[in-house]
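Notes to accompany the following structure.
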Amino acid sequence: MAKYEHLPIYKKAFELNVYFETIVRGFSRYHKYSLGTELRTSARDAVQLIIRANNTRDKNPILLELREHLEKIKLTIRLCKEVKAFNNFNSFQVAFNLVSDISRQNEGWLKSLRLKKQ
């Protein structure tokens, strides 16, 4: 099993998990158990996909799945902002920036795989 703790994308995804665990505590009861649960679960799933991709020879399909998953997280974050689940705009901004950073790293990983195939 390959090591994954050193990967920058893993570190950011783990940071996102910790951040979601922290901010969901401040959600109202209604949002905590609906949108909050979705955010927390999706973030954990993203970390698991990163670990799977790192441990697999054919990373491309898993990274494409991660791409879709990250878009789903972005959509949920935007929905949380619209229904005012976040306590303040800064919470939204930090969450969205973390997911965007993970998405950029994922795209870079996909690009490096394409370049290796050529």
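Mind the numbering: the sequence shown is residues 1 to 118 in our numbering, read in order. Ideal Cβ placement from N, Cα and C applies to all residues, glycine included.
Do residue j and residue i have their beta-carbon atoms positioned less than 7 angstroms apart in this structure?
i	j	result
Ala85	Phe27	yes
Leu113	Asn60	yes
Arg44	Val24	no
Arg78	Ile62	no
With a cut-off of 8 angstroms on the beta carbons, I'd call residue i and residue j a contact; round off their distance for me.
i	j	result
Ile50	Leu7	7 angstroms
Ile102	Lys12	5 angstroms
Nearest to residue i by alpha carbon, out of the options?
i	options	result
Ser100	Tyr30, Glu68 and His31	Glu68
Ser91	Phe20, Lys111, Glu38 and Arg104	Phe20
Ala95	Gln118, Leu115, Lys116 and Gly36	Gly36
Leu4	Val18, Glu82, Phe89 and Gln48	According to the sequence shown, residue 4 is Tyr rather than Leu. It is Gln48 whose Cα lies nearest to the Cα of Tyr4.
Asn55	Ser34, Glu71, Tyr10 and Lys32	Tyr10
On the criterion of 16 or more Cβ atoms from any shown chain inside 10 Å, does residue i qualify as buried, or is it exposed?
i	result
Asn106	buried
Thr22	exposed
Glu38	buried
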